[in-house]
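Participant: There's a structure below that I have some questions on.
Chains as they are written, first to last, in the numbering used here: chain A, 1 to 322; chain B, 1 to 163.
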């Protein structure tokens with residue numbers, strides 16, 4: 001009891017998924033923990049019932065698209081910006097039935113939590129799963145949470161990928177996805193001038209500890225101009241945010257801090273959008289009605305962009321406030 | 001298998017519009033059916049008839065893994081979805097739960113079939129006949145395992161050991 005939060009966050013916060021595992025979950029963002037080097041796949045509830053009963057399930061073995069990132073992302077750019085850029089380029093079904101693997105010096109330099117963001121949103125490109133080859137960072141991340149006996153599975157040296165995409169970190173900018181699709185992207189500099197009603201910082205995609213740290217960096221000493229709701233993705237994250245003073249920064253800025261749940265991401269509760277409301281959100285989807293009323297609108301963004309926009313009330317590049 | 005077409009001339013029909021999130025706590029299938037397609041077409045429930053088919057573009061059923069989506073459509077009377085492509089979880093939910101048939105079609109069928117057309121799907125021949133327009137199109141064949149699960153009547157009735 002007492003260890004609660006979003007399932008896709010609990011799964012890594014409590015080191016329930018290990019490198020080399022075949023891990024299935026009854027939700028499309030089960031892909032998240034592929035960042036630990038697991039084969040993590042979302043299924044429906046009939047399939048999950050079958051797995052619980054039999055311990056196995058059928059899969060079509062996917063081919064792999066390899067996304068190579070060269071160079072370290074700039075400080076104002078987050079993994080969310082990179083994955084939005086990818087989805088914008090390849091489309092909602094651009095990796096349908098495929099594995100999306102991420103690698104290169106930019107991924108090596110990335111924290112495990114950032115890699116979790118990438119793998120989480122492979123679902124939005126139609127992928128079966130997302131994966132990053134496990135390295136020492138993954139071992140350290142899981143060891144710190146008590147894991148032992150990790151089995152690191154690596155690709156073959158002569159692996160052939162069905163498609164290769166290459167990106168330069170220096171060319172990636174803060175991104176948004178406009179209503180009503182995650183592939184309807186543009187750079188923040190080209191965002192439409194809309195009056196936002198609220199900023200939502202939550203979900204398995206955008207409320208991990210480092211996401212909250214990025215938000216705090218922007219909100220520290222400032223006041224939000226619009227309703228801002230911050231829901232840490234798991235209670236372990238909530239506690240760290242409390243102990244390290246992040247919650248105080250959020251409350252001093254005028255934001256509301258909510259309990260760790262999926263919240264308004266799927267239109268469930270805690271900040272569901274009303275008719276005609278416009279929201280900037282660190283979540284993963286913005287289909288019609290996703291976060292509430294079918295005539296509400298959601299712009300998807302990184303935690304930094306959502307925080308900067310909370311301060312100004314307009315879609316804002318975090319560079320303006322860093 | 002004969003039925004009439006309800007056509008949505010668009011791509012990326014997602015499960016959030018097929019069955020909006022506020023209905024995910026509804027466990028009564030008949031009630032779930034009254035909200036099918038509500039996020040896109042509030043008239044769907046009044047026009048759908050038992051045995052109808054939906055025709056749509058690419059990536060049908062993308063987004064949330066909610067099995068309520070194929071259930072709500074199936075409970076509305078929809079027997080098959082004809083689409084240029086499907087999102088993977090919707091596809092396997094439809095087959096494994098034996099809710100409806102996801103039929104992958106080619107562009108000629110998409111362009112040729114109109115709202116209200118009566119069509120006849122023949123899985124054994126991988127063929128779709130448009131009775132209204134007297135045209136015939138090919139459908140993409142099911143993969144081996146998908147064909148077996150459909151023939152068995154869903155994943156729980158499929159016996160892989162007997163292969």
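C-beta: ideal position from N, C-alpha, C; glycine also.
1. Which ranges would you report for the beta strand (DSSP E) in the segment 72–159 of chain B if only whole runs of at least 3 residues count?
2. Can you list, in chain order, the residues of its chain with a C-beta nearer than 8 Å to that of residue 38 of chain A? Leave out the 5 residues immediately preceding and following it.
3. Could you check which residue in A/14, A/199, A/113, A/316 has the C-alpha nearest to that of residue 397 of chain A?
4. Do residue 305 of chain A and residue 172 of chain A have their C-beta atoms closer together than 7 Å?
5. Are the segment 271–283 of chain A and the segment 245–254 of chain A touching, with three or more C-beta to C-beta distances below 8 Å?
6. Residue 57 of chain A: which of A/64, A/43, A/69 sits nearest, CA to CA?
7. Kindly list, in the order they appear in chain A, the residues whose Cβ is closer than 7 Å to that of residue 22 of chain B.
8. Excluding the 5 residues flanking residue 35 of chain B on each side, which residues of the same chain have their C-beta closer than 8 Å to its C-beta?
9. Got a sec? Which residues, its chain only, sit under 7 Å from residue 232 of chain A by beta carbon, not counting five neighbours each side?
10. Can you check DSSP and say which residues form a bridge with residue 129 of chain A?
11. Throw me the rounded Cβ distance for the residue 118 of chain B and residue 4 of chain B pair, which I believe falls under 8 Å.
12. Mind listing which residues of the segment 41–55 of chain A have their C-beta closer than 7 Å to chain B's C-betas, in chain order?
13. I'd like the list of long-range same chain contacts for residue 133 of chain A, defined as Cβ closer than 7 Å, with 5 residues on each side in sequence excluded.
14. Does the separation of the CB atoms of residue 277 of chain A and residue 258 of chain A fall below 7 Å?
15. Of all the residues that make up the segment 52–76 of chain B, which are near chain A by a beta-carbon distance shorter than 7 Å?
16. Using 7 Å as the limit for Cβ to Cβ distance, is residue 28 of chain A near chain B?
17. Say whether chain B places a C-beta atom closer than 7 Å to the C-beta of residue 275 of chain A.
18. Between which two residues does the beta strand (DSSP E) holding residue 177 of chain A run?
19. Can you tell me whether DSSP reads residue 3 of chain A as helix, strand or coil?
20. Just reading off the beta strand (DSSP E) that residue 54 of chain B is part of, what are its end residues?
21. Skipping 5 residues on each side, what residues in its chain have a beta carbon closer than 6 Å to that of residue 103 of chain B?
22. Would you list, in chain order, the members of the segment 4–19 of chain B that have their beta-carbon closer than 7 Å to a beta-carbon of chain A?
23. Give the straight-line distance between the Cα atoms of residue 145 of chain A and residue 106 of chain A, rounded to the nearest whole angstrom.
24. Counting only beta-carbon separations shorter than 7 Å, does residue 96 of chain B have a partner in chain A?
25. What does residue 326 of chain A reach in chain B if we use C-beta pairs closer than 9 Å?
26. Based on DSSP bridge pairs, tell me the residues matched to residue 257 of chain A.
27. Which residue comes first and which comes last in the beta strand (DSSP E) that contains residue 120 of chain A?
Facilitator: In this structure, then:
1. Taking only runs of at least 3 residues, the beta strand (DSSP E) segments lying wholly in the segment 72–159 of chain B are 80–83, 101–104, 118–122, 127–130, 135–138.
2. Start at 1 with the first residue of the first chain, and residue 38 of chain A comes out as number 38. Correct list, in chain order: 17, 18, 19, 20, 21, 22, 23, 131.
3. Look at the range of chain A in this structure, 1 to 322, and you will see that residue 397 of chain A is not part of it.
4. As a working note, residue 305 of chain A is residue 305 in the first chain. As a working note, residue 172 of chain A is residue 172 in the first chain. In terms of Cβ geometry, residue 305 of chain A and residue 172 of chain A do not form a close pair [threshold 7 Å].
5. With a cut-off of 8 Å on Cβ pairs, the segment 271–283 of chain A is not in contact with the segment 245–254 of chain A, counting fewer than three such pairs.
6. Residue 57 of chain A sits at position 57 when you count from the first residue of the first chain. Cα-wise, what sits closest to residue 57 of chain A is A/43.
7. The residue you call residue 22 of chain B lines up with position 22 of the second chain. Near residue 22 of chain B (Cβ distances below 7 Å), the residues of chain A are 267.
8. Here residue 35 of chain B refers to the residue found at position 35 when the second chain is read from its first residue. 19, 20, 23, 26, 45, 72.
9. Residue 232 of chain A sits at position 232 when you count from the first residue of the first chain. Answer for residue 232 of chain A: 207, 212, 238, 241, 260, listed in chain order.
10. As a first step, residue 129 of chain A is located in the first chain; it is residue number 129 there, counting from the start. Partner(s): A/99.
11. Residue numbering aside, residue 118 of chain B sits at position 118 when the second chain is read from its first letter. Residue numbering aside, residue 4 of chain B sits at position 4 when the second chain is read from its first letter. In this structure residue 118 of chain B is in contact with residue 4 of chain B, their Cβ atoms being roughly 5 Å apart against a cut-off of 8 Å.
12. Closer than 7 Å at the C-beta level to chain B, one finds these residues of the segment 41–55 of chain A: 42, 43, 44, 45, 46, 47, 50.
13. For the purposes of this step, residue 133 of chain A is taken as the residue at position 133 of the first chain. Answer for residue 133 of chain A: 37, 103, 154, 155, listed in chain order.
14. By 1-based counting over the first chain, the position of residue 277 of chain A is 277. By 1-based counting over the first chain, the position of residue 258 of chain A is 258. Not closer than 7 Å, so no.
15. The residues in question are 58, 59, 62, 63, 64, 65, 67.
16. Along the first chain, read from residue 1 onward, the residue named residue 28 of chain A stands at position 28. It does: the Cβ of residue 28 of chain A has a partner Cβ on chain B nearer than 7 Å.
17. Numbered from its first residue, the first chain carries residue 275 of chain A at position 275. Not closer than 7 Å to any Cβ of chain B, the Cβ of residue 275 of chain A fails to qualify, so no.
18. As a first step, residue 177 of chain A must be located in the first chain, where it is residue number 177. That run of the beta strand (DSSP E) goes 175–177.
19. As a working note, residue 3 of chain A is residue 3 in the first chain. Secondary structure at residue 3 of chain A: coil, using DSSP grouped into helix, strand and coil.
20. Taking the first residue of the second chain as 1, we reach residue 54 of chain B at position 54. Start and end: 53–56.
21. For the purposes of this step, residue 103 of chain B is identified with residue 103 of the second chain, where counting begins at 1. Result list for residue 103 of chain B: 80, 82, 139, in chain order.
22. Of all residues in the segment 4–19 of chain B, those with a C-beta nearer than 7 Å to a C-beta of chain A are 12, 14, 16, 17, reading in chain order.
23. Here residue 145 of chain A refers to the residue found at position 145 when the first chain is read from its first residue. Here residue 106 of chain A refers to the residue found at position 106 when the first chain is read from its first residue. Straight-line spacing of the CA atoms in residue 145 of chain A and residue 106 of chain A works out to 25 Å.
24. The count along the second chain starts at 1 and reaches residue 96 of chain B at position 96. Yes - at least one Cβ of chain A is within 7 Å of the one on residue 96 of chain B.
25. Coverage of chain A is limited to positions 1 through 322, which leaves residue 326 of chain A absent and any answer about it impossible.
26. Here the question's residue 257 of chain A lines up with position 257 in the first chain. The partner list for residue 257 of chain A (beta bridge, DSSP) reads A/230.
27. Here residue 120 of chain A corresponds to residue number 120 of the first chain, with the count starting at 1. Taken as a continuous stretch (DSSP letters only), residue 120 of chain A belongs to no beta strand (DSSP E), being part of the alpha helix (DSSP H) at 112–120.
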